[in-house]
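Enquirer: Residue numbers (this note's numbering), protein chains in the order written: chain A, 1 to 96; chain B, 97 to 192; chain C, 193 to 288; chain D, 289 to 384; chain E, 385 to 480; chain F, 481 to 576; chain G, 577 to 672; chain H, 673 to 768; chain I, 769 to 864; chain J, 865 to 960.
1. List, in order along the chain, the chain B residues whose C-beta lies closer than 8 Å to that of residue 204 (chain C)?
2. Taking only beta carbons into account, state which residues of the stretch 128-152 of chain B come closer than 9 Å to chain C, listed in chain order.
3. Classify residue 825 (chain I) as buried or exposed, calling it buried when 16 or more other Cβ atoms lie within 10 Å of its own Cβ.
4. Enumerate, from N- to C-terminal direction, the unbroken beta strand (DSSP E) stretches of 3 or more residues contained entirely within the stretch 118-166 of chain B.
5. With a threshold of 16 other CB atoms inside 10 Å of the CB of residue 133 (chain B), please say whether the residue is buried or exposed.
6. Give the secondary structure of residue 688 (chain H) by DSSP, where H, G and I count as helix, E and B as strand, and everything else as coil.
7. In whole angstroms, what is the alpha-carbon distance linking residue 909 (chain J) and residue 821 (chain I)?
8. Rounded to a whole number of angstroms, what is the C-alpha to C-alpha distance between residue 734 (chain H) and residue 242 (chain C)?
9. How big is the Cα-Cα spacing for residue 834 (chain I) and residue 777 (chain I)?
10. Less than 8 Å between C-beta atoms, sequence neighbours within five positions excluded: which residues of the same chain meet that for residue 894 (chain J)?
11. Going by CA-CA distance only, name the one from G:668, G:654, G:667, G:661 that's closest to residue 583 (chain G).
12. In the DSSP output, what is residue 272 (chain C) paired with across the bridge?
13. Excluding the 5 residues flanking residue 938 (chain J) on each side, which residues of the same chain have their C-beta closer than 8 Å to its C-beta?
14. What distance in whole Å lies between the Cβ atoms of residue 187 (chain B) and residue 35 (chain A), which are believed to be in contact at a cut-off of 8 Å?
15. For residue 280 (chain C), which of D:373, D:327, D:313, D:347 has the nearest alpha-carbon?
16. Are there 16 or more other CB atoms within 10 angstroms of the CB of residue 492 (chain F), so buried, or fewer, so exposed?
17. Nearest by alpha-carbon distance to residue 671 (chain G): which of G:599, G:618, G:593, G:609 is it?
18. Residue 310 (chain D) to residue 577 (chain G), Cα distance in whole Å?
19. For residue 444 (chain E), which residues in chain D fall below 7 Å Cβ to Cβ?
20. How many whole angstroms separate the CB atoms of residue 947 (chain J) and residue 177 (chain B), which I take to be in contact at a CB cut-off of 8 Å?
21. Since residue 756 (chain H) meets chain I, which of its residues come closer than 8 Å, beta carbon to beta carbon?
22. Output yes if chain A places a C-beta closer than 9 Å to the C-beta of residue 184 (chain B); else output no.
23. Report all residues from its chain with a CB closer than 7 Å to the CB of residue 40 (chain A); omit the five preceding and five following residues, and keep chain order.
24. Could you compute how far the alpha carbon of residue 940 (chain J) sits from the alpha carbon of residue 891 (chain J)?
25. Just checking: is the beta-carbon of residue 787 (chain I) within a distance shorter than 9 Å of some beta-carbon in chain G?
26. With distances taken Cα to Cα, identify the nearest neighbour of residue 277 (chain C) among A:86, A:85, A:93, A:59.
27. Chain L partners of residue 959 (chain J), CB-CB under 8 Å?
28. Excluding the five sequence neighbours on either side, which residues of its own chain have a C-beta within less than 6 Å of the C-beta of residue 690 (chain H), listed in chain order?
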């Protein structure tokens, strides 16, 4: 089941650079593991912003909640979620 | 080059049902032609709304403008556009 | 799977009263059928407004979309949707 | 008498983890006591957010105010309240 | 039990003046009957606007809903409601 | 002359509890003195919020400004002001 | 006593041009009479908009309400009001 | 050439009182010098707020920018600017 | 003197196509005359929208007001204006 | 390919003045290098604000993202981006 998720990252300007670098590295690993598992279906950078547009494929709302709250950068993110479903005009198999 | 496009459709309640049906049929054909051409990369329905989230792959901003203003339902849509680029964490070839 | 749905109804002031009465009667029947089927889990009136707060229990996002777009008053509603999941503090069996 | 209450929790990022853990534990106990007493009728997690949607059943507005301002996490919450009443289409006894 | 209610009136510019005059006359009678009954506790005009700030004293949320939806001008109003309770600093008997 | 004033109080979470208690005590005294003087005509708590709805009766705008900026908690408040006047439907002597 | 008043004029596009011209002529006369009487102290056009910024000097809130609701274009205006008072830094006699 | 300028002052609550007093004194001197020079044409206090409504008469946009960024309290202000021009209904010589 | 002007065009869907075509043709001529005169310095289409971003070079605010209110499509536009001035980092002669 | 970029700068009030001066100097150099390269096509100051309106000419969205995130003041900016394209009414060669 698909969800549109937009994440805006707001790391505090006074965070220790090493801690920030570690968080970002763990975020990348976490994201790529979920991409490989087919759960984080798409991720794009919004041009000019420290933000992304992502498509998640989760079993249900609870699964989505666990995936998002597990993000290493979750405490520093503004997240908005919209449930998606297949569009009747879509011809792409991957859009469902 | 990728763009996030969100479209909310607001067909007037007093539109002649035949005209509305014709517009929607032409919208579907137009969308599927662009999907086959690789330009309209993704389209999802936002659950509960007469709205979609789409990803377009256009040559440039002018191309995007032509594609969107050519939509048969364009005069009845609220459209918002965000330019996208490849996310450094993405492992999907199709996300670029 | 649960969803919070808020519906604000905006019937045009110049709608024929008989058509409006028929729409409302069909809306009530539709709502009560879904309540009996366990899909429309809760419905409350927002005091002072022609609006309701509802909880839906659907199989997935697509099911929710079908249920909402089937509402007889759907063309006259502003609808907002939030996916819900079980709260770790809840002790109510019915909250999942 | 029923009220819709939405709570967004914003615990400061620099709060001592022990103090935060203690606050959350007391919040859970407080919530479950009120659930057992029939006052906190429903509580759901909003997927992807540190937020909940709740339904309270209080004697009156003053009772609601006392219940909410007594929340251990109250100083860290954004709270919005809407008074509810029985919906004429509801067939659920528990919706009143 | 007290509620703050703000009403903004938007009578359509093309309403027949006689119908509008009749609606306003019935609105005034309705308001004054409720004022005499102690239910509509206060009503003030917002300077420069076709709007009022009112305080209602109702038995419960359902009573408030019935009173507001019974307003002759209700279909032409934007209404916002906030539940109130006694302020610990108040020394006015009438503020409860 | 009457004014609607809404005050939202935002005391910093790290304020010394004794200073906060002293401020609140002085705020209460200040408010009750003005209530006795007939200037602070009404004060209600907004249910669930650290906020109030008040009605002030001042000689003019300058008098209102002096009264509000003299509040001990003024530096920690978000204040909104609307000038009021007698409503033509009011039958309450106290509403003017 | 001074008030800042901003007026945005929204004359319907399908209003009969003669009626519109008559309304505007009466608006101008009404405005200039009040300017001569010292009540409409200033009026400026907001560049690029069918809108003005005005300063009114009225006896009280009721007087302001009468002056504004008497505007010939009042039914077609969005009006916002802020009560003003003398600024402690002002050296202009006319700013009070 | 005239501009409407609204300034909301937000001095940090933890600013050293002597520094704050010095800033305010310099702000007052700066303002009165510009008033005497005919550049700061009007200044009014917004009742109940630490904010003002001002009218500036500057040679051009650059001149306005220099005047505003030179305000001693500029780093602590939210400023909004609207270009003004003479209103065709104005009879006041000073409104141009 | 420079101004940023954003124009969103909202031609009513039921406007006679010939009248609309005539308005657009006159708008184009008007725009190009002002471009040739050096007053309408830049005009860009916002991709996906019936809207433009423009830079005007006018003698003063009054001149800008005359130019904008003279637009054939002015009654169908939402217009926002910001006064600009030379940026200290600019090396382009044309940016002043 | 052109983009409208608006940047609002919010340097923390407690930043070390030398660090701030260094950042601003590097920002200026960075901006002028890009102006000379034809990438930062225009930059204007918004009068009264620590903000600019800029036009960028980039190869694609990724190029724009690299240019913006490379700004020395990027961590202290609120940035909004709109893709632009040639306007059919433009006669300026430089507007494409």
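We put the beta carbon where it would ideally sit given N, CA and C, even for glycine. Here the structure is a predicted model, which means the values were calculated and not measured.
Expert: Let me lay it out:
1. 109
2. 141, 142, 143, 144, 145, 146
3. buried
4. 136-142, 147-153
5. exposed
6. coil
7. 16 Å
8. 51 Å
9. 18 Å
10. 934, 935, 936
11. G:654
12. C:198
13. 932
14. 5 Å
15. D:313
16. exposed
17. G:618
18. 54 Å
19. 289
20. 6 Å
21. 829
22. yes
23. 31, 34, 54, 56
24. 12 Å
25. no
26. A:59
27. The chain inventory of the structure shown lacks chain L, comprising the protein chains A, B, C, D, E, F, G, H, I and J.
28. none
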